[in-house]
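Inspection log for the structure reproduced underneath, given as structure tokens.
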Amino acid sequence: MRERAVLAVLAAAALTFSLMQSLVIPALPAIQRSLDASADATSWAVTAFLLSASVATPLAGRFGDILGKRRVLVAVLLIVSAGTLLCAIPALPALIAGRVVQGVSGGVLPLAYAIVRDELSPARVSGGIALIASMLGVGGGLGVIVAGVLVEHVSYTAMFWIQLPAFLTVAWCAHHWVPDSAVTAPARIDWTGAVLVSSGLVVLLLTITQAPGWGVGSPATLLGLATAAALLGAWAWSALRRREPLLDLRLMLRRPVWTTNTMAFLVGAAQISGFVMIPRYVQDAGGFGASPVASGVFLLPMTVGVLVTGLAAGPLERRFGARALLPPAAAVTALAFAVLTFARDTPLDVYVASGLHGLGTGLAMPALATLIVSSVRQDETGAAAGINNVARTLGGALGGQVAAVLLVSSGYTAAFAVGFVAMAVAVAVAPLLPAGGTHSAPAPGAAALRGERRTVGDAP
17 MRERAVLAVL AAAALTFSLM QSLVIPALPA IQRSLDASAD ATSWAVTAFL LSASVATPLA
77 GRFGDILGKR RVLVAVLLIV SAGTLLCAIP ALPALIAGRV VQGVSGGVLP LAYAIVRDEL
137 SPARVSGGIA LIASMLGVGG GLGVIVAGVL VEHVSYTAMF WIQLPAFLTV AWCAHHWVPD
197 SAVTAPARID WTGAVLVSSG LVVLLLTITQ APGWGVGSPA TLLGLATAAA LLGAWAWSAL
257 RRREPLLDLR LMLRRPVWTT NTMAFLVGAA QISGFVMIPR YVQDAGGFGA SPVASGVFLL
317 PMTVGVLVTG LAAGPLERRF GARALLPPAA AVTALAFAVL TFARDTPLDV YVASGLHGLG
377 TGLAMPALAT LIVSSVRQDE TGAAAGINNV ARTLGGALGG QVAAVLLVSS GYTAAFAVGF
437 VAMAVAVAVA PLLPAGGTHS APAPGAAALR GERRTVGDAP
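Okay, here's the thing in structure tokens:
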């Protein structure tokens, strides 16, 4: 009963995070009209969130490993609640500032995965991770539908008033139902590494998202990439010299970790390009001219597919292994984009492609989460899961931007081909993944059941 309550709270946290992440994208035109702002200015509601999340995701995971995962999770949810309240103020500066604060929610996923590994029995770990990962796709699809309904009938601020009680409720449940961490990693906080890696990720993601406006080969884009490379290089140099870096570069260079992060990058590129391009295509006059609400319905098969394969991923992983699920997942998603690229003539074609997209990504995300968690020590779980989610975010940002550029220059065929190419590469990369994780998830010991804290290196 205790494990089910913990898992329910963590799944709810992942769902609310995913809904918040996706709600704003389809609402951007309504926000622009309501605030009488330019398209470039309102797009910062998305960019600001991505920038903040790229920093918060790996750092929150590592802080959870050091300070205690429940404590950091509750703090993250309360901070996000404050940001959500700020977003509800009908002014563009307040919206952008609030989205920066909301980006802290990127820490929900690595913390949730780490808590699952700490608190659930080994037999339930893969299923728990699969359920949490599936909430990402479910929330993403539902967010587009809910946003379409709200912007057609009420103010865009209603999106945030709906989110606020949800985050506060989940924070209260996490405080009361999630046990305190039984496993921590005592370490000094590496503030130099935090500043360097945060700055590097911000500059990199900012350059990716703004490159279409600046020009792919423009001095601003090239300078941004060079600056990001310099900052991340300085962080790598610092991390290799420190005994206890905030994010261990040696961890990320392990084959199980870098190959899994590469797959996460490719899955993110396909996932986000599908989320963005399918509603855009069906609303376009060259597509089906659907309303915002009707366009969201085209993502329903995707949402259902993610939920079905997400729930099935746990049993499938126990039988076949997480690695074995990734090639078919990538192949099914590639088939979805093949339909969107070459055979999107009728609504039925798009519905079929949407369903295939959901089945593929719904199977891939839990498998990736399981692989990254099982490939590191228990005290490294939060940091490793955070970096994996950053890889997916960067892949989504790059995939979405490349698709948008190709849409303007070459049309929807080229835009949808981005997802197809990403998944074709994923099929080729999948054999590089190791056959299994090197660190299994131990069952919670007596210390965990009593709520005692145990540091890595202590006798179990």
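The numbering used here applies: residue 17 is where the sequence shown begins, and numbers increase by one. Note that CB positions come from ideal geometry on N, CA and C, so glycine has one too.
*Use the C-beta contact count for residue 330: other C-beta atoms within 10 angstroms, 16 or more gives buried, fewer gives exposed.*
buried
*Determine the closest residue to residue 193 out of 216, 85, 262 and 268, with distance taken between C-alpha atoms.*
85
*Determine the direct distance from the alpha carbon of residue 205 to that of residue 190, and round the result to whole angstroms.*
25 Å
*Neighbourhood of residue 278 by C-beta distance below 7 Å, restricted to the same chain and skipping five residues each side*: 445
*asked:* My output table needs one value for residue 196: the three-state DSSP class, helix, strand or coil.
replied: DSSP places residue 196 in coil when its eight states are reduced to three.
*Could you check the C-alpha separation between residue 33 and residue 105 for me, to the nearest Å?*
20 Å
*Could you check what DSSP says for residue 205 in three-state terms: helix, strand or coil?*
coil
*In three-state terms, what does DSSP make of residue 450?*
coil
*Measuring alpha carbon to alpha carbon, tell me which of 267, 65, 89 and 41 ends up nearest residue 25.*
89
*DSSP state of residue 123 mapped onto helix, strand, coil*: Residue state, collapsed to three classes: helix.
*asked:* Assuming the contact rule is C-beta atoms closer than 8 Å, residue 390 and residue 273 should be a hit. Round their C-beta distance to whole Å, please.
replied: Incorrect: roughly 11 Å between the Cβ atoms, too far for contact.
*So does the segment 353-371 actually touch the segment 35-44, counting three or more Cβ pairs closer than 8 Å?*
no
*Cutoff 6 Å; reference residue 166; Cβ partners in own chain excluding five residues on either side*: These residues qualify, in order along the chain: 174 and 175.
*Would you check if the distance between the CB atom of residue 352 and the CB atom of residue 380 is smaller than 8 Å?*
no
*asked:* Applying the 10 Å Cβ sphere with the 16-neighbour rule, what's the burial state of residue 168?
replied: Exposed, since its Cβ has fewer than 16 Cβ neighbours within 10 Å.
*Cβ contact (3+ pairs, closer than 8 Å) linking the segment 410-417 and the segment 281-293*: By the Cβ criterion, the segment 410-417 is in contact with the segment 281-293, since at least three pairs of Cβ atoms, one from each stretch, lie closer than 8 Å.
*Count the other CB atoms within 10 Å of the CB of residue 136; is the residue buried (16 or more) or exposed (fewer)?*
Using a 10 angstroms sphere on the CB of residue 136, the tally of other CB atoms reaches 16 or more, which defines it as buried.
*Which value, in whole angstroms, describes the spacing of the CA atoms of residue 114 and residue 127?*
22 Å
*Which runs of the alpha helix (DSSP H) spanning at least 4 residues fall entirely within the segment 280-366, listed in chain order?*
Fully enclosed alpha helix (DSSP H) runs of 4 or longer: 308-313, 316-336 and 338-358.
_CB of residue 196 within 8 Å of CB of residue 130, strictly_ = With contacts defined by Cβ atoms closer than 8 Å, residue 196 and residue 130 do not form a contacting pair.
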